[in-house]
Structure formats: C-alpha cells, structure tokens
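If you read the sequence shown in the numbering used here, its first letter stands for residue 7, the second for the next number, and so on. We put the CB at the ideal spot given by N, CA and C, even for glycine. Model, not experiment: these values are computed from the prediction.
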Amino acid sequence: MSQDTPTTLSLDPQLRPNSWDEYIGQESIKKNLHILLTAAEGRGQQPEHILFYGPPGLGKTTLSHLIAKEMKRDIKITSGPAIEKVGDLASILTNLGKGDILFIDEIHRLNKSIEEVLYPAMESGVLDIIIGKGPSARTIQLDLPEFTLIAATTKIAMLSAPLRSRFSGGVFKLEFYSDQEMEQIIYQSAGKLGIAITDGGVHTIASRSRATPRTANYFLKRVRDYAEVHKKNIDETAVLEALAMIGVDELGLRQTDREVLVAIIDKFGGGPVGVKTIATATHDEVDSIESVIEPYLIQKGLIELTPRGRIATEQAYLHLGKEGFVQK
C-alpha cells in the first residue's frame, strides 16, 4: 500500500480528542472504561491491563491517550515490531515510573520469546532476566513499578490465549462508526482546523469515509487543500471533485480496493481465491489486504469469505459495471 494512504498516516495531534466528551462514538467502551478507572481510583489502585482491537483508524491509540489523561499519568508508546529483543522490553519496563501507562500498538507482532517475559511483568510486576547460557545460566528477578499496559491490535486472532487472558481490565472491540457519528466527528475536526464546510459537504465526506474517523480527517484535509488551491467554497460539489481527484468513489473505495475486486473478478472468475494469490496479483501486501481492505469490502457486501477463499458478490459486479456474475 502506498505511503500516503489514510491508514498509514498518524492522527494530527490537533484533531485528537482531548476529553471524553470530545471522543464521539464507542459509547459502550467509554462507559466500561469510566467504571474501571473510577473504581481503581477509588481503591487507590492501578487500573488493570486493557486490550483494544479492531480495524485501523477507529480510535485505539486515542482511547489510550485519554486514559492516561484521565489518570494524570505519563504514557510511554511503543509497538510490537519495535521490540526486537528481550533487552528492548526490559529497558522499556525498567524505565517506567510508578503509575505510568505503557501502550503497545500492534501487539500481535510481538515476538513469542518476548511475550514470555511480559507475562510475569503483567501478572506480578516483576521482570525475570536470564543471565548466561546452559547449565550455568541463572535467573534474576527485578521488581517493577506499578503500571498499566494498554495494548492495541488489528488482528486479535493472532494473539496467543495466554496473552489475551492477562488483560484483566477488559478486552474491547472498537466498532465502525455510524453516519451520524461520522458527521459529528467531521464537524468537530472542521472546527478545530478552522474550515468552513456546508452540511452537504460534511454528509458527502461522511458517506465515503469508510465509517472510520482517521479516513474522514484525511479526506477533510485533502478537500481543504483542493478548495484553497481552486478558490472554492467547501460544499458538496467541491468535496466530490476533490475526492474524485484522489480516486475515492461513491462507496468510499480507493484504487487499491477496486484493484482487489477487479483481480478477483477478471483474473480468478469471481473466486474463490486465496488472499496470498490476490496479494501477488495486485502487488500488495497480505497484511494490508486482510487488515485494511477486506474488512470494508465485507462490510459493504462486496466480497464474501468462504473456506475456499474470497468470492466477489453480485454487488461487486454491479458496482464495477462488470457482467458475468455466477452464484458460487
């Protein structure tokens, strides 16, 4: 996937919600977190470890920042791929202050040997370090300050059962946002960026933003750029022109999404076909297809996952103007 797609961009700090009231959507999760944090504070204890999962751009990192802000604690941020050795994890854990939040993004990509070291740190607040090798090896145990681990993943199925079970504070799934929530988010972001946009423009961006705030904010900024360059007001017409320029169609599909559908239909007769074969045909990454492209295509009813592989639906044929759909 190209480097400038909205799924690879970090959220503009200016647009990140600074309070629970500013965080729109995910009401059930917010209520559960309020109980968890309030109860822990009332007991004078550290909140238990928390896991967020769901597609990219739905607010997992933002929730982690809000928790740290609510607790008035520092947050240290890292990711599964960044922790390459046991020593990397040991360095992070031993540098935490009492009550700190440790946020690990994409925790499913954590090395299994490192995962083993994380267990006692999460359960007992200790770090077991093995010194030496073979019969002369010995283990030393370091006490860690109290901390809360907040982890995020786009692929919860890749997490081991022992690791999932240690998130005693809760495992929370972030859902896609409703059209109304998306419009609220766009109005809020437009206000923070000082953008004047019509109701029609907001509605159009919301309908094409894949029910994902990060994508909506990306589109809003690109529409702003287009309108400024062409000296236009940001209304529905300007939004349609700007999104067409960056290759976003009426369903919110981008070029990479359409390439996947076209490959399934034209090269593999509508499927079934495996994701690795699709990735080879489209010169994309398997992880990008599974984590970013497929969830939305499934949500829109354009592909189906079967035991034999991916199948393009009749809606996909109609959307692309293709003929020859055959019920599989």
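Checklist entry - Among Q20, E234, K91 and I35, which one has its Cα closest to the Cα of L180? => result Reading the sequence shown from its first residue, position 174 is the one you call residue 180. It is I35 whose Cα lies nearest to the Cα of L180.
Checklist entry - Going by C-alpha distance, which of L116, G206 and I309 is nearest F331? => result One-based indexing of the sequence shown puts residue 331 at position 325. Nearest of L116, G206 and I309 to F331, Cα basis: I309.
Item to check | Residues near D185 by beta carbon distance below 6 Å, same chain, minus five either side | outcome: One-based indexing of the sequence shown puts residue 185 at position 179. Within the same chain, D185 has close Cβ partners A212.
Item to check | 4-residue-minimum alpha helix (DSSP H) runs that sit fully inside the segment 207-273, ordered along the chain | outcome: Within the segment 207-273, the runs of alpha helix (DSSP H) at least 4 residues long that lie entirely inside it are, in chain order, 219-235, 242-251 and 261-268.
Checklist entry - In or out: D10 buried (at least 16 other Cβ within 10 Å) or exposed? => result Numbered from its first residue, the sequence shown carries residue 10 at position 4. For D10, the predicted structure reports a pLDDT of 44, less than 50, and the residue's modelled location is therefore unreliable. A value from the coordinates is still provided. Counting Cβ neighbours within 10 Å, D10 comes out exposed, since fewer than 16 surround it.
Item to check | Reference A96; option with closest CA among G327, L148 and K273 | outcome: Taking the first residue of the sequence shown as position 1, residue 96 is located at position 90. For A96, the nearest C-alpha among the options comes from L148.
Checklist entry - Can you give the beta carbon distance from K82 to L102, rounded, assuming they're within the 8 Å contact cut? => result The residue you call residue 82 lines up with position 76 of the sequence shown. The residue you call residue 102 lines up with position 96 of the sequence shown. Confirmed, Cβ separation roughly 6 Å.
Next on the checklist: Spatial neighbours of Y323 within its chain, please: C-beta separation below 8 Å, excluding the five flanking residues on both sides.
Outcome noted: In the sequence shown, counting from the first residue as 1, residue 323 sits at position 317. Same-chain partners within the cutoff: I271, G276, E329, G330 and F331.
Item to check | Buried or exposed by the 16-neighbour rule on C-beta atoms within 10 Å, applied to G258 | outcome: What you label residue 258 is simply residue 252 of the sequence shown in a count that begins at 1. Under this definition G258 is a buried residue.
Next on the checklist: Using a Cβ-Cβ cutoff of less than 7 Å, which residues in the same chain neighbour E320 once the five nearest sequence positions on both sides are dropped?
Outcome noted: Taking the first residue of the sequence shown as position 1, residue 320 is located at position 314. Cβ within range, chain order: F331.
Checklist entry - Does DSSP put T84 in a helix, in a strand, or in coil? => result As a first step, residue 84 must be located in the sequence shown, where it is residue number 78. Reduced to three states, the DSSP call for T84 is strand.
Checklist entry - When burial is assigned at 16 or more other CB atoms within 10 Å of the CB, is V254 buried or exposed? => result Within the sequence shown, numbered from 1, the residue matching residue 254 stands at position 248. V254 comes out buried.
Checklist entry - So what does DSSP say about D290, is it helix, strand or coil? => result For this step, residue 290 is matched to residue 284 along the sequence shown. Note: D290 maps to coil in three-state DSSP.
Item to check | Counted within 10 angstroms of its Cβ, other Cβ atoms place M164 as buried (16 or more) or exposed | outcome: Stepping through the sequence shown from its first residue, residue 164 is reached at position 158. That one is exposed.
Item to check | Alpha-carbon spacing of E187 relative to L226, whole angstroms | outcome: Position 181 of the sequence shown, counted from the start, is the residue given in the question as residue 187. Position 220 of the sequence shown, counted from the start, is the residue given in the question as residue 226. Take the alpha-carbon of E187 and the one of L226: they are about 15 Å apart.
Checklist entry - Looking at C-alpha atoms only, which residue of K161, Q190 and L155 is the closest neighbour of G175? => result Start at 1 with the first residue of the sequence shown, and residue 175 comes out as number 169. Residue L155 is the option with its Cα nearest to G175.
Checklist entry - Thinking just about the alpha-carbon of each residue, which of R264, V229 and V235 is nearest to the one in A248? => result The count along the sequence shown starts at 1 and reaches residue 248 at position 242. Closest by alpha carbon: V229.
Item to check | Delimiting residues of the alpha helix (DSSP H) encompassing D27 | outcome: As a working mapping, residue 27 is identified with position 21 in the sequence shown. Segment: none, D27 is in no alpha helix (DSSP H) and carries neither H nor E.
Checklist entry - Roughly how many angstroms lie between the CA atoms of I73 and R220, to the nearest whole one? => result The count along the sequence shown starts at 1 and reaches residue 73 at position 67. The count along the sequence shown starts at 1 and reaches residue 220 at position 214. Straight-line spacing of the CA atoms in I73 and R220 works out to 19 Å.
Checklist entry - Are the beta-carbon atoms belonging to G63 and Y183 less than 8 Å from one another? => result If you number the sequence shown from 1, residue 63 lands on position 57. If you number the sequence shown from 1, residue 183 lands on position 177. The beta carbons of G63 and Y183 sit no closer together than 8 Å.
Item to check | According to DSSP, residues forming a beta bridge with D2 | outcome: Look at the range of the chain in this structure, 7 to 334, and you will see that residue 2 is not part of it.
Item to check | Close Cβ partners of D293 (< 8 Å) along its chain, the five nearest in sequence each way excluded | outcome: Residue 293 sits at position 287 when you count from the first residue of the sequence shown. Closer than 8 Å at Cβ, skipping near neighbours: no residue.
Item to check | Local Cβ density within 10 Å of T288, reported as buried at 16 or more and exposed below that | outcome: Within the sequence shown, the letter at position 282 stands for residue 288. Buried, since its Cβ has 16 or more Cβ neighbours within 10 Å.
Item to check | Integer-rounded CB distance, given that Q20 should sit under 8 Å from K198 | outcome: Within the sequence shown, residue 198 is the residue found at index 192, counting from 1. Within the sequence shown, residue 20 is the residue found at index 14, counting from 1. Their Cβ separation, rounded to whole angstroms, is 6 Å, which keeps K198 and Q20 in contact under 8 Å.
Checklist entry - Shortest alpha-carbon distance to K78 belongs to which of F153, S130 and L169? => result Along the sequence shown, one-based indexing puts residue 78 at 72. Checking every option, the nearest Cα to that of K78 belongs to F153.
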